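Report on the following structure.
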Amino acid sequence: MQHEMQVSILKELLQQLDDGMSVDAGVQYKNPTAFYTCPDQAQKEWALFFRNHPQLIGLSGDLPTPGSFVTTEDFGVPVLATRDKDGQFRAFVNACRHRGSQVATEERGEASRFICPFHNWTYSPAGKLVGIPREKDFGKIDRSCHGLIELPAVEQYGTLWVHPNAAGKLDVDTLLGDFAPEIESWDIGRLHYRGVTTMDKRLNWKLANDTFGETYHFSRLHGSTLNNIFYGDALAYEANGRNHRFVFPSRSIDLLRTLPEDQWDMEGMAVVLYYFFPNIQMTVNKENVTIFKIYPDKQDIGRSITRVCNYISPELQESMDTGARVVIDETNVYDQETREGGDEAISPEAVNEIVNSTLEQEDYYVGEMAQKTVASGALEYMVFGRNEPALHHFHTNYRDALGLPPLEQL
Ligand code: FES
Ligand SMILES: [Fe+2]
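Just so it is clear: in the sequence shown, position 6 is 5 by numbering that gives the first Met the number 0, and no numbers are missing.
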């Protein structure tokens, strides 16, 4: 992100903290709760936003070498994504062309061949059918037209996108909109995959998504957790198309008050979170990216799966693996060996752990309660405040995409 933009955002946040006023969208909306429980609506969402919509499956670091692969079934089509021997990112329907068994059964790994467990038809990482046992018995097969079914797949700006429909269109610049140059500037393609946490929860995917839509709850719901690290009731918000950028301050932002602006850096001072319609939340800094991917359960409207994937820089990985000191910035030095640091010091992994446990035990705890409420039909609408512009934006775009009338003002 350009320095000028960083300074502008940091100034906006400091101003809000000084004024004791959060972001102001200038309007309040009513959000009908039926959209968290309506099965017809869920069918439309599934078809439009998941089964036939480009999906961010991860970052380049998920496929670090030729032969690396990952699999997913999160959006309805079993997908096998590979890096072939030439380094090309590819995606296929993870289904054998003989009788449909999945050819890759692990979530991730390395393989020079994918051998179907049923009758051992064998495919290359480029999807070619390269082996058929006892072909003399089975009969001749034209291998050139019985490779794995290839899906549109694009690796750009360090992100990996797949379209679950073989005939679908995939244009990453269109998907990222004006945020594309900013995403490119973070250079996240160099990060290594660190791990995933899966949360299987009793709440509709939109309620899970909504928890990322404001900082109003930080000091209340997260009073003894995230509130110790971040300020709530402050938010630098920018919508762009169906996406948005959502930046909130770390408590260390106060250190900037005594520094000249040309030395200001977002790193360690604020959390930059991008939202990509419909279901991706991604926090980004130079050393550490977390992607929150939120998926509906196709059968159960009151259930969703959140996959929280972490990626870290090679330098940070090495420091952590060797137990060396982790220097996040000059104000945030954490010693892995002694597990000690200055007042501002906290390891990135410790932050990730706090964020994950907070999301699961606090955000999704209240979200599951809200799901019970909306399922009862006893609450006609929720209210989105002036300080919750990301909720206005998501639900406005959601409704627009489904051809629904706009949200009504309170
Ligand atoms: S289903 Fe794959 S080899 Fe038969
Ligand atoms: Fe939260």
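C-beta: ideal position from N, C-alpha, C; glycine also. Every value quoted in this text rests on a predicted model; they were computed, and no experiment measured them.
- Taking 7 Å as the cut-off, the C-beta of Glu-361 counts as close to a heavy atom of ligand 2.
- Collapsing the DSSP output to three states places Tyr-364 in a helix.
- Between ligand 2 and the CB of His-221, the shortest heavy atom gap is smaller than 7 Å.
- Here the distance from the Cβ of Phe-91 to the nearest heavy atom of ligand 1 is not below 7 Å.
- At a Cβ-Cβ threshold of 8 Å, Val-270 and Phe-291 do not count as neighbours.
- DSSP places Ser-67 outside any alpha helix (DSSP H); the residue lies instead in the beta strand (DSSP E), whose first and last residues are 67 to 71.
- Apart from the 5 residues on each side of it in sequence, Glu-181 sits with its Cβ closer than 7 Å to the Cβ of Met-0 in its chain, given in chain order.
- Between Ala-46 and Arg-89, the C-beta gap is not smaller than 8 Å, which leaves the two residues out of contact.
- For Pro-404, there is no enclosing alpha helix (DSSP H), as DSSP gives it neither H nor E.
- Shown here, Thr-104 sits in coil according to DSSP, grouped into three states, outside any helix or strand.
- In this chain, Arg-302 is not harboured by any beta strand (DSSP E), its DSSP state being neither H nor E.
- Thr-289 sits buried, since 16 or more C-beta atoms from the chains shown fall within 10 Å of its C-beta.
- Assignment of beta-bridge partners to Asn-386 by DSSP yields no partner.
- By DSSP's assignment, His-145 forms no beta bridge with any residue.
- Taking non-hydrogen atoms of ligand 1 into account, the C-beta of Gly-99 is found less than 7 Å away from one of them.
- In the same chain as Pro-31, and ignoring 5 residues on each side of it, the C-beta atoms closer than 6 Å to its own belong to Tyr-380, in chain order.
- When Asn-51, Tyr-294 and Asp-320 are compared, the shortest CA-CA separation from His-191 is found for Asp-320.
- Secondary structure note for Asp-199: its beta strand (DSSP E) is the uninterrupted segment 191 to 200.
- Beyond the five residues adjoining it in sequence on each side, Asn-309 comes within less than 6 Å, by CB distance, of Arg-193, Gly-194, Thr-289 and Asn-351 in the same chain, given in chain order.
- At least one heavy atom of ligand 2 lies closer than 7 Å to the C-beta of Thr-210.
- Among the bridge pairs identified by DSSP, Glu-237 is matched with Arg-244.
- The C-alpha of Tyr-236 is placed about 15 Å away from the C-alpha of Met-265.
- Apart from the 5 residues on each side of it in sequence, Asn-239 sits with its Cβ closer than 7 Å to the Cβ of Gly-176, Asp-177 and Phe-178 in its chain, given in chain order.
- Placement of the Cβ of Cys-95 at a distance of less than 7 Å from at least one heavy atom of ligand 1 is found.
- Collapsing the DSSP output to three states places Ile-293 in a strand.
- Taking the Cβ atoms as the reference, Ser-67 lies roughly 5 Å from Glu-109, within the contact range of under 8 Å.
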